[in-house]
Amino acid sequence: MKSLVLAAALAMLAPPALAQEVITSYAAWLSPNDMVNSRGVRLSGIGAILQQDRANFHRFGRRDEGDGGDGLFASRDMRARIPDLYARGPGAPAYILDDIRSGRGHYVWVRVIGRAGRPDYIEVHEGAG
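Residue numbers for the sequence shown, in mature numbering (1 follows the signal peptide of the UniProt record, and there is no 0): -19 to -1, 1 to 110.
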């Protein structure tokens, strides 16, 4: 009986699980400028395109009209995580990638979801631009 009471008391003292939260979100115009990396290699996956968009924004200062700041991907190390973070998320609608690949570009809203300030995955949504 004492064991049961002790176990119940300890369970009540355990910290609650950290809920997922939006760490940052930003708007981005994914354009043909974001489809080629700094070595001139054409990119096809949306994770790589998102990474190049952030490199263009933070490192190279090549911002498309409609690109917004994010407060998370200023460092090369954090940008290198973008393709994996995107792969762990729900993906983006196919028509968004179709527009980007066709050269039309697409306005998107990106949300970085995580716990305690550490990103777990990226969501890509239709932008309202």
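Ideal placement from N, C-alpha and C gives every residue a C-beta, glycine not left out. Because the structure is a prediction, the values reported are computed rather than measured.
Quick one: residues in its chain with C-beta nearer than 7 Å to the C-beta of G86, no 5 flanking neighbours on either side, listed in chain order? The residue you call residue 86 lines up with position 105 of the sequence shown. Answer for G86: W10, L11, S12, P13, D80, listed in chain order.
Residues in the same chain with beta-carbon distance under 6 Å from R35, minus the five sequence neighbours each way, listed in chain order, please. Position 54 of the sequence shown, counted from the start, is the residue given in the question as residue 35. For R35, where only same-chain residues beyond five positions count, the Cβ hits under 6 Å are F54, R60.
Span of the beta strand (DSSP E) holding A9? Position 28 of the sequence shown, counted from the start, is the residue given in the question as residue 9. Where A9 is concerned, the enclosing beta strand (DSSP E) stretches over 2 to 11.
Which one of Q1, G70, A29, P100 has the shortest CA to CA distance from P64? Working through the sequence shown from its first residue, we reach residue 64 at position 83. Among Q1, G70, A29, P100, the Cα nearest to that of P64 is on A29.
How many Å lie between L31 and D15 at the Cα? Indexing the sequence shown from 1 puts residue 31 at position 50. Indexing the sequence shown from 1 puts residue 15 at position 34. Between L31 and D15, the C-alpha separation is close to 8 Å.
Cα-Cα separation, L78 to R44: Within the sequence shown, residue 78 is the residue found at index 97, counting from 1. Within the sequence shown, residue 44 is the residue found at index 63, counting from 1. Looking at the two C-alpha atoms, the distance is approximately 19 Å.
Quick one, which of V105, G70, N18, V93 has its alpha-carbon nearest Y76's? Working through the sequence shown from its first residue, we reach residue 76 at position 95. Of the candidates V105, G70, N18, V93, the one whose C-alpha sits nearest the C-alpha of Y76 is V105.
Between which residues of its own chain and P71 is the CB-CB distance below 7 Å, once the five residues before and five after are set aside? The sequence position of residue 71 within the sequence shown is 90, counting from 1. These residues qualify, in order along the chain: E104.
Alpha-carbon spacing of residue 121 relative to E2, whole angstroms: With the chain represented from -19 up to 110, any question about residue 121 goes unanswered, as that position is not in the structure.
Would DSSP call R96 helix, strand or coil? Here residue 96 refers to the residue found at position 115 of the sequence shown. Three-state result, R96: strand.
Starting from the Cα of D51, find the closest Cα among A109, R23, S6 and give me that residue. The residue given as residue 51 occupies position 70 in the sequence shown. Measuring C-alpha to C-alpha distances from D51 to each of A109, R23, S6 identifies S6 as the nearest.
In whole angstroms, what separates the C-alpha of A68 from that of V93? The residue you call residue 68 lines up with position 87 of the sequence shown. The residue you call residue 93 lines up with position 112 of the sequence shown. Each residue's Cα considered, the two are about 12 Å apart.
Just curious, the alpha helix (DSSP H) that R35 is in, first and last residue? Position 54 of the sequence shown holds residue 35. Per DSSP, the continuous alpha helix (DSSP H) segment holding R35 begins and ends at 27 to 39.
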